[in-house]
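Step one of this worksheet: look at the structure below.
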Amino acid sequence: MAMNSQGRPTAPAPASQAAASDKTFSGNKALQIEETLIFEKDAFGSTGVDLAEPKNIPSRLGDLRRNDDIGLPGLSEPEAMRHFVRLSQKNYAIDMGPFTLGSCTMKHNPRLNEKMARLPGFSDIHPLQPISTVQGALELIATLSHWLTEMTGMPAVAMSPKAGAHGELCGMMAIKAALEARGEAGTRVRVLAPESAHGTNPATAVQCGFKVDSIPADASGRVDFEAFKAKLGPDVAGIMVTNPNTCGLFERDIRAIADAVHEAGGYFYCDGANFNAIAGKVRPGDLGIDAMHINLHKTFSTPHGGGGPGSGPTVLSAALAPFAPIPFVVQQNGKFDLVETRREAGSSDGAEGANTFGRMTAFHGQMGMFVRALSYMLSHGADGLRQASEDAVLNANYVLARLKAELTPAFDGHCMHEALFDDRFLKDTDIETIDFAKAMIDEGYHPMTMYFPLVVKGAMLIEPTESESRQELDQFCDSLNALARKAKAGDTEDFKIAPKFAPRRRLDETSAARKPVLRWTPTVARSEAAE
Amino acid sequence: MRYLPLSPADRQQMLGVIGVKKIDDLFSDVPVDALNADIGLPDHAGELEVERQLGAMAAKNQTASSGPFFVGAGAYKHHVPATADHIIQRSEFLTSYTPYQPEIAQGTLQYLFEFQTQVAALTGMEVANASMYDGSTACAEAALMARRITKRSKVILSGGLHPHYAAVTRTNSELVGDSVDVADATPSGTEDLTGLIDENTSCVIVQTPDVFGNIHDVTDLAQVAHEKGALLIVAFTEVVSLGAVKSPGAMGADIVVGEGQSIGNGLNFGGPYVGLFATRQKYVRHMPGRLCGETLDADGQRGFVLTLSTREQHIRRDKATSNICTNSGLCALAFTVHMTLLGEVGIRRLAMLNHEAACKTADAISALAGIELVTEQFFNEFTVRLPKPAHEIVETLAEKGILAGVPGNRLWPHEEALHNLLVIAATECTRDEDISALKNALEETLVEAV
């Protein structure tokens, strides 16, 4: 969810020369090994798997057999291993250090989860096997559903959404279907969303055929309640609010917001991206919401994997539960079953999915992520999950307290699980948020989320999560405070050319977008090169 | 609690630095009666207890490797090299984020660039994105992309499109007001969609190999679609087929979408998988999802970045091409590693081994009295018509440890005419003795049935 290059593509001045003594003949720098593309390894005729040469078999491919040159190199196993290991060493990762991307919840990913997800009983079963042969898989989904509904205090959960944004889509589709059932889908076309919302919120609303109307923030960084009320009307389908919001603050008026939107005939979608602040402490169902997606890859520790896979189960209120997507798991007479069709769903009189809006994905959701999330939840338990949320909030407030003398907090008061700063402390320094962030890279840290939320100028959103020790946080805060002092002292050169020590210097994003090169292409015809 | 580094003393000291007495002082914005609600769930558990609890659930499932296995229709049992699963468990890949800071994410970015190139090559297209959730959602996004390009509102779906892909596409397209026409299912693959295309048609979506297993030459369909100003979207559920069957790009497809699970990824009961999405260069700015591009850094060294992000939700918000954010990065890595090991030589061999296994299976069981082979030209999956509802036979065989395929009622629950159909997939994992076991069990069951 982080928007780190929000509208600010980097376009560094060319050829800031490294000192001659920094150069090596190979281009490598000790543990940093340069690595070419697989397509540049002269491996087009080889393979790294031992498969039998196919015999002369009767073909049923007719005249559709593929005869053209596909263009795929094949590396032997040692070459492939070395290639990908070298690449891996150019990545920052949560296992290396603090990864304080606000709103992304980069917490520790327990390896027990990986081990559990690889049990053949979960990883080696097909989604269309007979139901009788996958009872344990359905039990796992039902168990996770139970944990999620208990944690949120909501009556139902749709398990099939594949990621957070897909969960948003699920919730908004349910709202659309509920409006259709009321005969109001044609008139209720406007969705309200705060300016501070994740970009996925407005994008999702539009994907559901709604129009988006932006609500301003008040001086405290929360939904401007009066402005919100003024926007309510008979054409409002609902509101999408993140809570805690993207400024890292709990929406104090959340119940009043829920009541007002319900009174106006709309529904309340809560973006659950920041559930990690309150899981085990507060049940969103007690706050009056109608739908909320849960990013299992944030709150429940399934790995982000460099951009997925995620998983976005979406809890639904009693009002929206009948519109839940198919398929879903039911339990009858001690057996689990999967409801996969509208007709079956419709026979379950008013219960979950009785008026389903349909199917969102081919199968039953991100089973591999379900196993990991349940493994995490069972490990923590109710007590541990509450402690984790408390520690996440404690760590963020500790960072806020330790940085507020040098950096400028965007709002007064305490925060929830993430601390938001603006760029006022960089005023008159000639340094921007992005320079500050890139300098953090040289200090060995992944930058925070920057330029988001949009309601704060030059925003820096820091979410340490509960996974950081006090010692690690102290070192992190010491580094950021030192950087801030250095910037204010006018020592700006290192910021402008940062990062200096990363595998790459600042990259030219502007020309990458102007003339996109999105794949490797041979510069010389390979057949000629071979001659 | 083993995942939490703070000690009680740390917490106390930190509260002091913050200037509050107790943790709940930091939750003072929460309505008092909503704070610390009792959650009716058990307390924490050690690794051993969790392993036992989850292990017990896992043990109740019949795994694909435990016996003869012929289930396909959208997900396939293949052998994944050990290297692929090792690489995706490296911390630097597993525990990194979307590569928003390219200077410290070149590892992710470079494999995405390699992935995009591999997918483009396999599909015979010019460009591919950095992955979608899965094949079905990629298919739905393709229909929305065609709507943006053509500014038309009618989607035509082949009856050979996987019914779940069709359902997902319908869910998404109808939301924005498109009409969706689904052709009748023709198991023998003789469908002709050309008559349905008109001046309102944004796209025709056809699957090859289709859900019954038929492979199609869509060259003529592409031509008719283009004459009418519509786009041809070609879908597939079995990416291995592209090692043996003419590519969609070579047949005139405008957008190609499909499921990449077969390469690098396990069955996982339906997810996570990796959606593949490829198109022509001229449509690239209409694409959904992330794109990785090549560029230079300040020292003039080649590097990679996420690019064309002005299409995306985090920049364009309500004007984005899609709401997609997180996609299938790690599954794309597994795909890239496996495909890098295979290479062109390997994918062609793998494809032909699959084809060989399917031909053998089809020959063996279509020789049985009462079983009719419905599909003539196919890759690694085919359909037979049985003398009775297929799900009954599938259940009987499952009890004998044989997972025989996907019965018609699972895919077309409301079309009884298709309930005697059984969709059967074979792969490089299928052994001769598996085929014999299937044949013998079917024979026995059918004799009992008569």
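Residue numbers (this note's numbering), protein chains in the order written: chain A, 275 to 805; chain B, 11 to 460. Virtual Cβ for every residue (Gly too), placed ideally from N, Cα, C.
Taking A:T321 as the centre and dropping the five residues before and after it, the same chain places the C-beta of G348 closer than 6 Å to its C-beta, in chain order. For a cut-off of 8 Å, the C-beta gap from A:E388 to B:Q291 is around 38 Å, too long to register as a contact.
The way I'd put it, the stretch 520-540 of chain A does touch the stretch 460-477 of chain A; three or more beta-carbon pairs between them come closer than 8 Å. DSSP, read as helix, strand or coil, puts A:C689 in coil.
At a cut-off of 8 Å between beta-carbon atoms, A:I312 makes contact with chain B. Using a Cβ-Cβ cut-off of 8 Å, B:H429 does not count as an interface residue toward chain A, since no Cβ of chain A sits closer than that to its own.
Within the stretch 685-703 of chain A, the residues whose Cβ lies closer than 9 Å to any Cβ of chain B are, in chain order, G687, H688, C689, M690.
Taking 8 Å as the CB threshold, B:V216 stays off the interface with chain A. Taking 8 Å as the upper bound for CB-CB distance, B:V347 and B:I97 are in contact here, some 5 Å apart. Membership of A:A776 in any beta strand (DSSP E) is not indicated, and neither H nor E is assigned to it by DSSP. If only uninterrupted beta strand (DSSP E) runs of at least 3 residues are considered, those enclosed by the stretch 413-468 of chain A are 430-432, 464-468. DSSP places A:V323 outside any alpha helix (DSSP H), giving it a letter other than H or E.
When the Cα atoms are used, B:A232 and B:V165 turn out to be separated by approximately 15 Å.
Taking 8 Å as the CB threshold, A:R339 lines the interface with chain B. Near chain B, meaning a CB-to-CB distance below 7 Å, the residues of the stretch 575-604 of chain A are P577, H578, G579, G580, G581, G582, P583, G584. Listed along the chain, the chain B residues whose CB falls inside 7 Å of the CB of A:P404 are V404, E405, A408. Sequence-distant partners of A:K774 (beyond 5 residues in either direction) whose C-beta falls short of 6 Å from its own C-beta, in its chain, are D716. Classified as exposed, A:N330 has fewer than 16 neighbouring CB atoms from the shown chains inside 10 Å of its CB.
Per DSSP, A:I771 is one residue of the alpha helix (DSSP H) stretching across 767-771. Cα atoms of B:Q72 and B:Q63: separation of roughly 17 Å, rounded to the nearest angstrom.
Uninterrupted alpha helix (DSSP H) stretches at least 4 residues long and entirely within the stretch 106-169 of chain B occur at 116-133, 145-160, given in chain order.
Against chain A, the beta carbon of B:L14 has neighbours under 7 Å at Q661, A662, D665, E740, listed in chain order. For the pair A:D560 and B:I33, the Cα-to-Cα distance works out to about 21 Å.
Each of B:F392, B:D328, B:G281 was checked against the Cα of A:N475, and the nearest Cα belongs to B:D328. In chain order, K450, V463 place their CB closer than 8 Å to the CB of A:G483, counting only its own chain and leaving out the 5 sequence neighbours on each side. Taking 8 Å as the cut-off, the Cβ atoms of B:V221 and B:H172 count as close. Take A:L781, set aside five residues on each side of it, and the residues of its chain with a beta-carbon closer than 8 Å to its own are T284, P286, in chain order.
Runs of the beta strand (DSSP E) spanning 3 or more residues and lying entirely within the stretch 733-765 of chain A occur at 734-736, in chain order. The three-state secondary structure of A:H654, taken from DSSP, is helix. Under the 10 Å beta carbon count, B:D442 is surrounded by fewer than 16 other beta carbons and is classified as exposed. As computed with DSSP, B:L383 is found in a beta bridge with B:V394. Bounds of the beta strand (DSSP E) holding A:V510 are 510-516. The criterion of a C-beta distance shorter than 8 Å is satisfied by B:F79 and B:L413. The C-alpha of A:I307 lies about 8 Å from the C-alpha of A:G301. Looking at the backbone, the Cα of A:L668 and that of A:G655 are separated by about 20 Å. In this structure, the CA atom of A:G495 is about 58 Å from the CA atom of B:I434.
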